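There are 2 protein chains.
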Amino acid sequence: MVKKKDQTTEEKILAAAKQVFVKKGMTGARMQDIADTAGINKALLHYYFRSKEKLFEVIFKEAATRLFPKINEILNSDLPLFDKIHQFTHDYVEMVIETPYLPLFVLNEINKQPHEFGKKMFGKNRPPVHKLAEQIEKESKKGLIKSVSAPQLIINMMSMCIFPFVGKPMIQLVMNIDDLQFREMMEQRKKLIADFIIASIKK
Amino acid sequence: MVKKKDQTTEEKILAAAKQVFVKKGMTGARMQDIADTAGINKALLHYYFRSKEKLFEVIFKEAATRLFPKINEILNSDLPLFDKIHQFTHDYVEMVIETPYLPLFVLNEINKQPHEFGKKMFGKNRPPVHKLAEQIEKESKKGLIKSVSAPQLIINMMSMCIFPFVGKPMIQLVMNIDDLQFREMMEQRKKLIADFIIASIKK
DNA sequence: GTCTATAACTCGATAGAC
DNA sequence: GTCTATCGAGTTATAGAC
Numbered sequence: 340m341v342k343k344k345d346q347t348t349e350e351k352i353l354a355a356a357k358q359v360f361v362k363k364g365m366t367g368a369r370m371q372d373i374a375d376t377a378g379i380n381k382a383l384l385h386y387y388f389r390s391k392e393k394l395f396e397v398i399f400k401e402a403a404t405r406l407f408p409k410i411n412e413i414l415n416s417d418l419p420l421f422d423k424i425h426q427f428t429h430d431y432v433e434m435v436i437e438t439p440y441l442p443l444f445v446l447n448e449i450n451k452q453p454h455e456f457g458k459k460m461f462g463k464n465r466p467p468v469h470k471l472a473e474q475i476e477k478e479s480k481k482g483l484i485k486s487v488s489a490p491q492l493i494i495n496m497m498s499m500c501i502f503p504f505v506g507k508p509m510i511q512l513v514m515n516i517d518d519l520q521f522r523e524m525m526e527q528r529k530k531l532i533a534d535f536i537i538a539s540i541k542k
Numbered sequence: 340m341v342k343k344k345d346q347t348t349e350e351k352i353l354a355a356a357k358q359v360f361v362k363k364g365m366t367g368a369r370m371q372d373i374a375d376t377a378g379i380n381k382a383l384l385h386y387y388f389r390s391k392e393k394l395f396e397v398i399f400k401e402a403a404t405r406l407f408p409k410i411n412e413i414l415n416s417d418l419p420l421f422d423k424i425h426q427f428t429h430d431y432v433e434m435v436i437e438t439p440y441l442p443l444f445v446l447n448e449i450n451k452q453p454h455e456f457g458k459k460m461f462g463k464n465r466p467p468v469h470k471l472a473e474q475i476e477k478e479s480k481k482g483l484i485k486s487v488s489a490p491q492l493i494i495n496m497m498s499m500c501i502f503p504f505v506g507k508p509m510i511q512l513v514m515n516i517d518d519l520q521f522r523e524m525m526e527q528r529k530k531l532i533a534d535f536i537i538a539s540i541k542k
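Just so you know, the sequences run in chain order A and B. Using the numbering used here, count along the first sequence one by one with no gaps and you end on 542. Using the numbering used here, count along the second sequence one by one with no gaps and you end on 542.
Quick look at the structure:
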């Protein structure tokens with residue numbers, strides 16, 4: 340399944356740590372698990388990364404960076420509204436399909452450290468959705484789309500992109516579908532979500 | 340904030356355990372925390388519930404039962420489609436507002452035990468959204484609403500109801516709003532979600 | 001039923017040989 | 001750099017007095 344031959348020890352550790360942390364969370368993961376998964380010894384983990392906490396930080400930051408700034412890039416582009424909605428939903432779902440366990444992992448860990456996290460991630464920058472919100476309000480006032488609350492619309496968009504992955508087991512249970520069927524549905528969502536949103540605001 | 344005077348010891352333990360488990364998760368919670376929160380001794384926890392695992396199970400089951408079967412009731416009623424959408428989104432959001440940390444807690448723990456959980460929750464019953472899916476398809480074929488994929492529509496609905504609570508810190512960060520503003524937005528969502536869905540499928 | 005004291009165990013971390 | 005062995009802190013769980 341994986342090619343561990345030409346990986347350095349550090350890479351093996353990072354790959355293993357990601358796998359274990361994402362699945363079990365910071366408190367649930369054990370250094371022994373990580374060592375076993377990496378095919379090395381526990382002591383080596385401490386040799387490369389001083390402590391469990393430090394190792395976790397590396398993994399978490401990479402995951403969070405992947406999940407957040409992507410939003411920024413797309414939402415601050417100069418595309419027309421409908422194009423932007425299409426691009427965001429498509430690209431975001433596509434990205435999450437590749438790492439489906441990331442959102443739950445990140446959201447869960449943020450929840451345990453909400454304050455410290457916020458500052459690290461954005462500092463004092465203007466929040467990333469600001470530009471999109473303005474764009475929606477502008478079109479709304481010009482009468483080009485229905486009158487809607489921009490924040491609520493943005494929440495809807497984020498919800499439909501991210502929730503299916505966070506709630507995957509719940510959805511599979513409630514709808515009685517297997518992994519393959521789920522995967523296919525997510526592929527379809529890449530384009531469906533934008534159509535759905537636009538249908539709801541188009542005049 | 341709470342009335343602990345006329346609670347039995349068992350009730351105190353359950354309330355404390357819920358609070359601590361929901362906040363820290365199974366692996367992050369400590370029996371000492373729970374005992375302190377309940378204002379009793381650690382040994383008593385074992386007297387009432389044999390082990391940490393058993394105590395956790397009680398809390399988790401109650402939480403999961405709260406989150407899931409509610410869906411069942413509403414979705415299997417005999418209401419017309421639009422009414423059902425209104426009722427489901429309203430009631431569900433209202434319920435989650437009262438226990439906003441529950442969804443993340445439950446989803447997170449399910450993810451760590453996906454297989455064992457499914458059987459316990461529904462057994463071999465027909466999955467709960469079946470009837471709603473049929474209803475959507477029927478209306479869709481009759482041409483009363485736009486042609487849509489029923490499962491995708493249901494996922495959208497669930498996403499918009501549940502995700503905001505799971506992703507609360509993310510939303511607050513990205514939109515730069517405080518707890519009060521967030522709460523107000525959720526209150527509005529109780530009616531907004533249904534309007535949004537219906538606008539997207541109405542002909 | 002409730003408490004104190006402590007046993008039994010898990011796990012992160014370090015020492016030290018190679 | 002990598003391993004084995006082990007320490008020590010912190011946690012669950014139990015024994016036993018009241």
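C-beta atoms are modelled at their ideal positions from N, C-alpha and C, and glycine is treated no differently. Computed from a predicted model, the values in this text were never measured in an experiment.
- Whose C-beta lies closer than 6 Å to the C-beta of His429/B among residues of the same chain, with five residues either side of it excluded? What you label residue 429/B is simply residue 90 of the second sequence in a count that begins at 1. Taken in chain order, the residues that qualify are Lys529.
- Minimum Cβ-Cβ distance from Tyr440/B to chain A less than 9 Å: For the purposes of this step, residue 440/B is taken as the residue at position 101 of the second sequence. Closer than 9 Å to some Cβ of chain A, the Cβ of Tyr440/B qualifies, so yes.
- Query: Does DSSP classify Lys507/A as helix, strand or coil?
  - Reply: Taking the first sequence and counting its residues from 1, the one referred to as residue 507/A is at position 168. It is helical.
- Task: Tell me, please, whether the CB atom of Met365/A is closer than 9 Å to any CB atom in chain B?
- Result: Within the first sequence, the letter at position 26 stands for residue 365/A. Yes - at least one Cβ of chain B is within 9 Å of the one on Met365/A.
- Message: Beta carbons nearer than 9 Å to chain B: which residues of the region 480–505 of chain A have them?
- Response: Lys485, Val487, Ser488, Pro490, Gln491, Leu492, Ile493, Ile494, Asn495, Met497, Ser498, Met499, Cys500, Ile501, Phe502, Pro503 and Val505
- Taking the Cβ atom as the reference point for each residue, do Lys485/B and Lys542/B lie within a distance shorter than 9 Å? Reading the second sequence from its first residue, position 146 is the one you call residue 485/B. Reading the second sequence from its first residue, position 203 is the one you call residue 542/B. In this structure, Lys542/B lies closer than 9 Å to Lys485/B by Cβ.
- Task: Could you name the residues of the same chain whose beta carbon sits closer than 8 Å to that of Met434/B, not counting the 5 residues immediately before and after it, in chain order?
- Result: Counting from one through the second sequence, the residue named residue 434/B turns up at place 95. If we look at Met434/B and ignore the five residues flanking it on each side, its Cβ neighbours are Arg405 and Lys409.
- Message: Does Lys409/B come out as helix, strand or coil in the three-state DSSP assignment?
- Response: For the purposes of this step, residue 409/B is taken as the residue at position 70 of the second sequence. Looking at Lys409/B - three-state DSSP - the assignment turns out to be helix.
- Query: Under 9 Å Cβ-Cβ, which residues of chain B neighbour Met524/A?
  - Reply: Looking up residue 524/A in the first sequence gives position 185. Residues of chain B passing the Cβ test: Ser488, Pro490, Gln491 and Ile494.
- Closer than 8 Å at the beta carbon, the chain B residues around Ala538/A: Numbered from its first residue, the first sequence carries residue 538/A at position 199. Here the neighbours are Lys485, Ala538, Ser539 and Ile540.
- Do the region 386–405 of chain A and the region 348–359 of chain A touch if we need at least three Cβ pairs shorter than 8 Å? yes
- Taking DSSP as the reference, what is the three-state secondary structure of Ile484/B? As a first step, residue 484/B must be located in the second sequence, where it is residue number 145. If DSSP states are grouped into helix, strand and coil, Ile484/B belongs with the strands.
- Hey, quick one: how far does the alpha helix (DSSP H) through Ser539/A stretch, first residue to last? Along the first sequence, one-based indexing puts residue 539/A at 200. Start and end: Asp518 to Ile540.
- What's the call for Gly506/B, buried or exposed, on a 16-neighbour Cβ count within 10 Å? For the purposes of this step, residue 506/B is identified with residue 167 of the second sequence, where counting begins at 1. Buried, because 16 or more other Cβ atoms sit within 10 Å of the Cβ of Gly506/B.
- Length of the line joining the Cα atoms of Pro442/A and Ser479/A: Position 103 of the first sequence, counted from the start, is the residue given in the question as residue 442/A. Position 140 of the first sequence, counted from the start, is the residue given in the question as residue 479/A. Near 31 Å, if we compare the C-alpha coordinates of Ser479/A and Pro442/A.
- Message: Can you confirm whether the region 361–381 of chain A touches the region 364–373 of chain B when touching is taken to mean that 3 or more C-beta pairs between the two stretches lie within less than 8 Å?
- Response: yes
- If you run the structure through DSSP and keep just helix, strand and coil, what is Ile379/B? On the second sequence, position 40 is the one that residue 379/B refers to. If DSSP states are grouped into helix, strand and coil, Ile379/B belongs with coil.
- Task: For chain A, find out if any of its Cβ atoms is closer than 9 Å to the Cβ of Ala356/B; answer yes or no.
- Result: Residue 356/B sits at position 17 when you count from the first residue of the second sequence. False, the Cβ-Cβ gap to chain A never drops below 9 Å.
- Counting Cβ pairs closer than 8 Å, one from the region 487–507 of chain A and one from the region 497–516 of chain B, do we hit at least three? yes
- Query: Between Ile494/B and Ile510/A, which are expected to be in contact by the criterion C-beta below 8 Å, what is the C-beta distance as a whole number of angstroms?
  - Reply: If you number the second sequence from 1, residue 494/B lands on position 155. If you number the first sequence from 1, residue 510/A lands on position 171. Their Cβ separation, rounded to whole angstroms, is 6 Å, which keeps Ile494/B and Ile510/A in contact under 8 Å.
- Message: Applying the 10 Å Cβ sphere with the 16-neighbour rule, what's the burial state of Leu519/B?
- Response: The residue given as residue 519/B occupies position 180 in the second sequence. Classification of Leu519/B: exposed, given that the 10 Å Cβ count is below 16.
- Can you tell which of Glu523/B, Lys470/B, Tyr440/B and Leu512/B has its C-alpha closest to the C-alpha of Asp417/B? Counting from 1 along the second sequence, the entry for residue 417/B is found at position 78. Here the closest residue by C-alpha is Lys470/B.
- Could you name the residues of the same chain whose beta carbon sits closer than 8 Å to that of Leu492/B, not counting the 5 residues immediately before and after it, in chain order? As a first step, residue 492/B must be located in the second sequence, where it is residue number 153. Counting only Cβ-Cβ distances below 8 Å, and skipping sequence neighbours, we find Ile475, Ile536 and Ile540.
- Out of Pro508/B, Gln371/B and Ala377/B, point me to the one whose CA is closest to Thr347/B's CA. Position 8 of the second sequence, counted from the start, is the residue given in the question as residue 347/B. The shortest Cα separation from Thr347/B among Pro508/B, Gln371/B and Ala377/B belongs to Ala377/B.
- Can you pull the chain A residues whose beta carbon is under 8 Å from the beta carbon of Val435/B, in chain order? Within the second sequence, numbered from 1, the residue matching residue 435/B stands at position 96. None at all; the shortest Cβ gap to chain A is about 13 Å.
- Item | Distance between His425/A and Ala472/A (C-alpha atoms, nearest Å) | The residue given as residue 472/A occupies position 133 in the first sequence. The residue given as residue 425/A occupies position 86 in the first sequence. Roughly 16 Å separates the two Cα atoms.
- Item | Three-state class that DSSP yields for Val341/A in the structure shown | The residue given as residue 341/A occupies position 2 in the first sequence. Residue placement at Val341/A is flagged as unreliable, the pLDDT there being 49, under the threshold of 50; a coordinate-derived value is accordingly withheld.
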